[in-house]
Amino acid sequence: MNSPRVLLLPGWQNSDAGHWQSRWEALHGYERVQQHDWQRPLRGDWSARLQDTVVDSAQPVVLVAHSLGCILTAWWAAHSPVAKTRVQAALLVAPADVEQAHIRNLLPGWSPLMLQRLPFPSVLVGSQNDPYCTPARTQQMAQAWGSQFVDLGCAGHINTDSGLGDWTDGHALLQSLMKD
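The opening residue of the sequence shown carries number 611 in my numbering; numbering runs sequentially from there.
Here it is in structure tokens:
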């Protein structure tokens, strides 16, 4: 079997150079799914880009999503006929609750959340003090998506500001998920 192609799915405004996703891209050669507009994300456009990338892949894919990338993963998986057969697994980190009023206003068109079981194995990593999603809501997403839940404690939005550097523990989670 081909080794999987790891696709990075950043959230709104992309992941900056210090973000663990960018560091993994540099360290491990993972591929970022480039979106047409990082500042004004449209769910349909982002979903179409992910669909094209997965369909065009010669090997199975593993998705590594952060923030809005998690919401994209759930929406896309619920609508794509290839999600079940082409995606090996997903690591979902710090999903943004797009149904919160202040986020819904910033990101129109991303609500409601898709809360149905993902057709592939997944791990959702959440934080107790994420400003974009309450711990209860993060656990609700994990349960709805059928994801194993990992509580990272007080790690903010699990981004550059969280000071994770290369986030080796997160990469170990990904490696474990890819072996299953």
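Every residue gets a Cβ at the ideal spot worked out from N, C-alpha and C, and that includes glycine.
Query	Result
Rounded to whole angstroms, what's the CA-CA distance from Val780 to Ala627? Just pull it up for me.	Checking the sequence, you will find Gly at residue 780 rather than Val. The straight-line gap from Cα to Cα measures roughly 17 Å.
Any chance the stretch 672 to 684 sits against the stretch 722 to 731, with 3 or more Cβ pairs inside 8 Å?	yes
Going by alpha carbons, who is nearest to Asp740 out of Asp771, Trp720, Trp755 and Leu723?	Asp771
Going by DSSP in three states, Arg615 sits in which element: helix, strand or coil?	strand
Touching or not, the stretch 741 to 748 and the stretch 688 to 703, by the rule of three or more beta carbon pairs under 8 Å?	no
When DSSP labels each residue in this structure, what does Gly679 get in the three-state scheme?	helix
For Val665, report the span of its beta strand (DSSP E) as first-last.	That residue, Val665, is in no beta strand (DSSP E); its alpha helix (DSSP H) goes Arg653 to Asp666.
So the alpha helix (DSSP H) Ser632 belongs to, where does it begin and stop?	Trp630 to His638
Is the beta carbon of Gln649 less than 8 Å from the beta carbon of Gln623?	yes
Please report the distance separating the alpha-carbon of Ser615 from that of His712.	The question names Ser, but residue 615 is Arg in the sequence shown. Cα to Cα, the separation comes out at about 35 Å.
Does the beta carbon of Gln710 fall short of 7 Å from some heavy atom of the ligand NAD?	Ligands displayed in this structure: none; no statement on the ligand NAD is therefore possible.
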